[in-house]
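Under the UniProt record's numbering, the first residue of the sequence shown is numbered 1, with each subsequent residue one higher. A virtual CB, placed ideally from N, CA and C, is assigned to each residue, including glycine. Just so it is clear, the structure is predicted and the values come from calculations on it, not from any experiment.
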Amino acid sequence: MKKLAGSMTKFQRGMSLVELMVALVISLFLSAGVFTMFNMSSSNVTTTGQFNQIQENGRIALAIMERDISQLGFMGDLTGTDFIVGVNTTVDATIPPTGTDCIGAGLNNASLPNNQAAHFRRLWGYENGVSAQSLACLSDSVKNKTDVLQIKRFVGPSVVAGDASGYYVSATSSQAIFFSNGAPSANLTNSRIWEYQHHVYFIGDNAESIPILRRKTLTSTGMSNDEQLVEGIENMRILYGFDNDGDSTPDSYMPAESVTSLMWDNEGFQRLVALKMYLLVRSPQQDNNYTNETQYQLGDKVIDAPNDHFRRKVMSTTIVLENPVLIRS
């Protein structure tokens, strides 16, 4: 009986202290390896996810503006013709007192043509905080040292009639009537009605300090609205391409501050035929495991290394203007 008890005691013996310590060390190394692999995998997922989001946001922003800008100068049957109030243009519409108009530089650069003897500008731009002139309608909502772009055009196809929610133009090949509230003051023979569009693109932060590509649009209440289009667009740089020899190909690109008033009004021999657009796109969320020490080149402009925890990428495109740009004689 004693022999049996001793045998049972022998079988119940566990690991020695040395064996236990060796096992713990091995487990520790295995756990550290698994944790390191998990951490690396998690970091790669974060990096890939943020770059995918940056790429997608930049692509959407460029697509929105490219479609709009490429149709710059489209004025229906009056494409390529200036609007001269009292000669070929009548303006029935007014910007409502409750709305704020976006009036740019130049003598004739509001939402609607005026009766001054100056070219009605379809395009104008500037760098906020750098250029001498700016749009008062943006006030403090636009980020400093980013470009602002103002464009005007008709939206096709033509419509049967206008409505009270926007601005329209009844036009033939020789006359135009700008109107709102549904109907023009006169019926032009063989005219077509087009929706009239005035857009201002700019960049501004939201309440969480996330930079967003924004747009003001002419509506029945004027230019008082503020559309948030794409988040993460931190900076925008536009270079304007001018044709100097009449072959419709840009011979030089320049920033807004180098474009003269005569060039904006197409009163010289140079014609605006293309735009180069650069966007600096930022991830909406920061990654504390990453420090951004990269310097970015946006066309002719250098953005210093931000030294923060946001990933960024520069995206660009060249936009060819599809409609003839008026050369005012």
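Task: Among Pro157, Asn190 and Asn114, the one whose alpha carbon lies nearest that of Gly86 - done: Ranked by Cα distance from Gly86, the options Pro157, Asn190 and Asn114 are led by Asn114.
TODO: Using a threshold of 8 angstroms, state whether the C-beta atoms of residue 330 and Gly162 are closer than that.
DONE: The shown model of the chain, from 1 to 329, leaves out residue 330, and the question about it has no answer.
Open item on the list: Could you compute how far the alpha carbon of Leu72 sits from the alpha carbon of Asn289?
Closed with: Just so you know, the alpha carbons of Leu72 and Asn289 end up roughly 44 angstroms apart.
Task: CB-CB length for Thr100 against Cys137, believed under 8 angstroms - done: With a beta-carbon spacing of about 5 angstroms, Thr100 and Cys137 fall inside the 8 angstroms limit used to define contacts.
Open item on the list: Rounded to the nearest angstrom, what separates Glu56 and Pro250 at their Cα positions?
Closed with: When rounded, the distance between both Cα atoms is 29 angstroms.
Task: Rounded straight-line distance, which links the Cα of Arg312 to that of Arg282 - done: Their Cα atoms are separated by approximately 4 angstroms.
Open item on the list: Let's test the definition: count the other Cβ atoms within 10 Å of the Cβ of Met223 and tell me whether it reaches 16, buried, or not, exposed.
Closed with: Classification of Met223: buried, given that the 10 Å Cβ count is 16 or more.
TODO: Assign Thr89 to buried or exposed, taking buried as 16 or more other Cβ atoms, counted over all protein chains shown, within 10 Å of its Cβ.
DONE: Buried is the call here.
Task: Enclosing alpha helix (DSSP H) for Leu262 [first to last residue] - done: For Leu262, the enclosing alpha helix (DSSP H) has its first and last residue at Ser261 to Trp264.
Open item on the list: Considering Cα atoms alone, identify which of Asp140, Ile177, Leu135 and Val142 is closest to residue 330.
Closed with: Because residue 330 is not part of the residues shown, which for the chain are 1 to 329, the question remains open.
Open item on the list: Is the separation between the beta-carbon of Val259 and that of Ser70 shorter than 8 angstroms?
Closed with: No, they are not a contact pair.
TODO: Taking 8 angstroms as the cut-off, decide whether the C-beta atoms of Leu218 and Gln197 are in contact.
DONE: Yes, they are a contact pair.
Open item on the list: Using only the alpha-carbon positions, how far apart do Asp300 and Pro255 sit?
Closed with: Across the structure, Asp300 and Pro255 are spaced so that their CA atoms are roughly 8 angstroms apart.
TODO: Along the beta strand (DSSP E) that carries residue 331, what are the first and last residues, could you check?
DONE: It is not possible to answer for residue 331, since the shown part of the chain is limited to 1 through 329.
TODO: Identify whether Val18 lies in helix, strand or coil by the three-state DSSP scheme.
DONE: Helix, per DSSP.
Task: Residue environment, Asp140, which counts as buried when at least 16 other CB atoms sit within 10 Å - done: Of the residues assessed, Asp140 falls on the exposed side of the cut-off, its CB having fewer than 16 other CB atoms within 10 angstroms.
Task: Distance between Ala207 and Thr318 (C-alpha atoms, nearest Å) - done: If I take the Cα positions, the gap works out to 32 angstroms.
Open item on the list: Considering only their Cβ atoms, is the gap separating Ser173 from Leu188 smaller than 8 angstroms?
Closed with: If you check the CB distance, Leu188 and Ser173 do not come in under 8 angstroms.
- [ ] Tell me whether Met315 sits in a helix, a strand or coil according to DSSP, three-state version.
- [x] Strand at Met315.
TODO: Check whether the Cβ atoms of Arg215 and His199 sit closer than 8 angstroms, and answer yes or no.
DONE: Yes, the Cβ-Cβ distance between Arg215 and His199 is below 8 angstroms.
Open item on the list: I need the straight-line Cα distance from Ser16 to Val25, nearest angstrom please.
Closed with: Rounded to the nearest angstrom, the two C-alpha atoms are 14 angstroms apart.
Task: Element boundaries [beta strand (DSSP E), containing Lys276] - done: Residues Arg271 to Arg282.
Task: Phe242 to Leu135 span [Cα, whole Å] - done: Taking the straight line joining both Cα atoms gives about 24 angstroms.
Open item on the list: By the DSSP assignment, the beta strand (DSSP E) with Arg215 in it spans what residues?
Closed with: Here the beta strand (DSSP E) through Arg215 covers Pro211 to Thr217.
Open item on the list: Using a Cβ-based criterion (distance less than 7 angstroms to any ligand heavy atom), does Arg153 qualify as near the ligand MN?
Closed with: The ligand MN is not part of the structure shown, which contains no ligands of any sort.
TODO: Kindly indicate which three-state DSSP category Asp308 falls into: helix, strand or coil?
DONE: Here Asp308 sits in strand by DSSP.
TODO: Reducing DSSP to helix, strand and coil, say where Val25 ends up.
DONE: In the displayed model, Val25 falls within a helix according to three-state DSSP.
Open item on the list: I want to know whether the stretch 50-66 touches the stretch 102-119 - three or more CB-CB distances under 8 angstroms.
Closed with: Taking one beta carbon from each stretch, the stretch 50-66 and the stretch 102-119 have fewer than 3 pairs nearer than 8 angstroms; the two do not touch.
Open item on the list: Less than 6 angstroms between C-beta atoms, sequence neighbours within five positions excluded: which residues of the same chain meet that for Asn235?
Closed with: Excluding positions up to five away in sequence, the list reads Thr146 and Leu280.
Task: CA nearest to the CA of Asp245, picked from Asn225, Leu149, Glu227 and Val273 - done: Ranked by Cα distance from Asp245, the first of Asn225, Leu149, Glu227 and Val273 is Val273.
Task: Nearest-angstrom Cα separation, counted from Phe310 out to Gln297 - done: Looking at the two C-alpha atoms, the distance is approximately 17 angstroms.
Task: Between the CA atoms of Gly33 and Leu123 - distance to the nearest angstrom - done: Going from the Cα of Leu123 to the Cα of Gly33 covers about 60 angstroms.
Open item on the list: Helix, strand or coil, according to DSSP, for Ala136 in the structure here?
Closed with: Ala136: helix per DSSP, three-state reduction.
Task: Continuous beta strand (DSSP E) stretch holding residue 330: start and end - done: This structure cannot speak to residue 330, because the chain is shown only from 1 to 329.
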